[in-house]
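Asker: Residue 134 is where the sequence shown starts when you use this note's numbering, and the numbers rise one by one after that. Structure in structure tokens, see below.
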Amino acid sequence: MSTVPAYAAPSARAPLAPFTVDRRDPGPLDVAIDIVFCGVCHSDVHQARDEWGGSIFPMVPGHEIVGRVSRVGARVAEVKVGDLVGVGCLVDSCRECGQCRRDREQFCQRGPALTYNGTELDRKTPTYGGYSTQVVVTEKFVLRVPAGLDPAAAAPLLCAGITTYSPLRQWGCKAGDHVGVVGLGGLGHMAVKLASSMGAEVTMLSTSPAKEADARRLGAHGFASTRDDGIFKRLAGRFDLLVDTVSVPHDYNKYLGLLRPEGAMVLVGAPPEPSPFSSFALIMGNKRLAGSLIGGIAETQEMLDYCGAHRITADIEVIPIQKINEAYERMLKSDVRYRFVIDTASLKGA
Ligand SMILES: [Zn+2]
Ligand SMILES: [Zn+2]
């Protein structure tokens with residue numbers, strides 16, 4: 134066992150503060166990783182503040198982990214000491230149930246082991262995330278980070294990247310498709326980059342006209358300010374696919390009107406309150422309203438390889454861990470373009 138520095142939320146109402154975690158010695162199938170960077174996801178804030186309920190404290194958040202392999206167990210086959218690797222939202226699952234067998238570990242019927250704010254499969258040992266200098270993970274849940282990607286800017290791919298890549302793949306995004314991305318934040322900026330790299334004609338739908346130049350720089354071909362109600366008429370029936378990343382309540386019915394018949398709107402943002410919608414918004418045009426949760430391990434690796442081949446990473450601001458509480462406040466004000474990433478070197482001696 135090694136005791137390593139970390140930052141933790143001691144309770145839902147306290148700021149994050151220095152903490153130490155005990156990492157197990159790697160077993161035969163385990164990989165020990167020296168964490169180099171960890172992205173800061175919106176769900177870190179929600180869970181550290183217990184906004185979804187059931188949070189486990191003290192909590193070390195972080196599920197956008199990139200690091201170097203420092204030790205491997207005797208039966209580890211693919212990963213070697215020194216490899217640049219990633220860990221996303223999951224660190225284990227039963228591997229036997231129907232969902233695990235079809236590579237949907239995120240839906241493991243016995244419940245996957247989440248990277249933090251969860252437990253190992255013994256259902257007792259708490260898991261601690263990437264706001265820390267080291268993590269030990271079973272090999273099957275360790276992902277390869279392609280050479281040529283900046284390790285800091287690759288970290289957000291592990292959650293924001295797969296969250297937006299998966300729905301584009303599930304709904305067959307291809308060259309010439311009209312794709313609308315709703316909301317330009319950590320998720321939205323990845324959705325724009327990925328959809329445009331797949332050859333889609335991408336329109337950013339945002340409440341902030343000030344973000345138009347940024348949206349176009351990221352690869353959007355069009356921009357529509359959703360504060361202007363006229364766009365819901367002008368763009369009615371235009372889109373094959375809408376990827377909705379917004380996590381504050383908004384009227385889904387209006388957005389469904391933007392879809393062509395048989396088009397789909399996929400939710401990856403999660404407003405806390407239920408949102409009413411009219412059946413007619415779906416019936417008139419055989420439209421589909423769907424959701425999507427991260428991706429399985431194989432699909433996450435596919436996404437990383439895709440990003441390696443297309444040189445896609447996140448736009449980031451690197452911070453020392455000591456700025457994490459400030460970063461949470463700035464993130465809540467959308468004052469980040471577009472992801473904070475912690476340089477874990479700042480934890481040494483913290
Ligand atoms: Zn996340
Ligand atoms: Zn399972």
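The beta-carbon is built from N, C-alpha and C at its ideal position, and this holds for glycine as well. For clarity, every value in this text was computed on a predicted model and none was experimentally measured.
My parser needs the alpha helix (DSSP H) runs of 4 or more residues fully inside the stretch 326 to 391; what are they?
Answerer: Here the runs fully enclosed are 345 to 351, 364 to 367 and 385 to 389.
Asker: Less than 6 Å between the CB of Arg463 and some heavy atom of ligand 2, yes or no?
Answerer: No, the beta carbon of Arg463 sits no closer than 6 Å to any heavy atom of ligand 2.
Asker: In whole angstroms, what separates the C-alpha of Phe265 from that of Lys456?
Answerer: Just to set this straight, residue 265 is Ser in the shown sequence, not Phe. Whole-angstrom Cα-Cα distance: 14 Å.
Asker: Give every residue of the same chain whose Cβ lies closer than 7 Å to the Cβ of Asp283, excluding the five residues on either side of it in the sequence, and list them in chain order.
Answerer: Taken in chain order, the residues that qualify are Thr446.
Asker: Skipping 5 residues on each side, what residues in its chain have a beta carbon closer than 7 Å to that of Leu368?
Answerer: Contacts found: Ala357 and Leu391.
Asker: By the three-class DSSP mapping on this structure, what secondary structure does Met464 have?
Answerer: Helix, per DSSP.
Asker: What residue does the alpha helix (DSSP H) around Gly441 start on, and which one ends it?
Answerer: Ile430 to His443 is the span of the alpha helix (DSSP H), which, as asked, contains Gly441.
Asker: Tell me which residues share the same chain as Val164 and place their Cβ nearer than 8 Å to its Cβ, disregarding the 5 neighbours each side in the sequence.
Answerer: Here the set comprises Val202, Arg204, Val205, Gly206, Val209, Val212, Val218, Val269, Val270, Thr271, Glu272 and Val275.
Asker: Measure the alpha-carbon distance for Asp468 versus Leu320 and round it to whole angstroms.
Answerer: So the alpha carbons of these two residues sit roughly 14 Å apart.
Asker: Is Leu480 closer than 7 Å to Ile454 when the C-beta atoms are compared?
Answerer: Yes, the pair counts as a contact, with Cβ atoms nearer than the cut-off.
Asker: Does ligand 1 have a heavy atom nearer than 6 Å to the CB of Ser380?
Answerer: No, since every heavy atom of ligand 1 falls outside the 6 Å radius drawn around the Cβ of Ser380.
Asker: The beta strand (DSSP E) with Thr153 in it runs from where to where?
Answerer: Note, Thr153: beta strand (DSSP E), Ala150 to Arg156.
Asker: Run the CB neighbour count on Thr136, radius 10 Å, all protein chains shown included, and call it buried at 16 or more, exposed below.
Answerer: The residue in question, Thr136, is exposed, as its Cβ has fewer than 16 Cβ neighbours within 10 Å.
Asker: Who sits around ligand 1, taking every residue whose Cβ is closer than 5 Å to one of its heavy atoms?
Answerer: Any residue whose Cβ sits closer than 5 Å to a heavy atom of ligand 1 makes the list: Cys174, Ser176 and Cys292.
Asker: Going straight from the alpha carbon of Ala478 to that of Asp225, what length do you get?
Answerer: The straight-line gap from Cα to Cα measures roughly 26 Å.
Asker: Pull up the CB-CB distance for Val278 and Ala285, whole angstroms please, since I reckon it's below 8 Å.
Answerer: Actually they do not touch by this definition, with Cβ atoms about 11 Å apart.
Asker: Are at least three pairs of beta-carbons, each pair with one atom in the stretch 173 to 182 and one in the stretch 229 to 241, less than 8 Å apart?
Answerer: With the cut-off at 8 Å, the stretch 173 to 182 and the stretch 229 to 241 do not touch.
Asker: Measuring from each Cβ to the nearest heavy atom of ligand 2, keep the ones under 5 Å and list them in chain order.
Answerer: That query returns the following residues: Ser226, Cys227, Cys230, Cys233 and Cys241.
Asker: What does the Cβ neighbour count give for Ser411, buried or exposed, with the cut at 16 atoms within 10 Å?
Answerer: It is exposed - the Cβ of Ser411 has fewer than 16 other Cβ atoms within 10 Å.
Asker: For Gly294, I'd like the list of residues in its chain whose CB is within less than 6 Å of its CB, leaving aside the five on either flank, ordered along the chain.
Answerer: Only Met323 and Met436 meet the Cβ criterion.
Asker: Pick from Gly396, Tyr388, Ile416 and Gly418: whose alpha carbon is nearest that of Ser408?
Answerer: Looking at the Cα atoms, Tyr388 is the closest of the given residues.
Asker: Once DSSP output is grouped into helix, strand and coil, what is the label at Gln242?
Answerer: Gln242 falls in the coil class under three-state DSSP.
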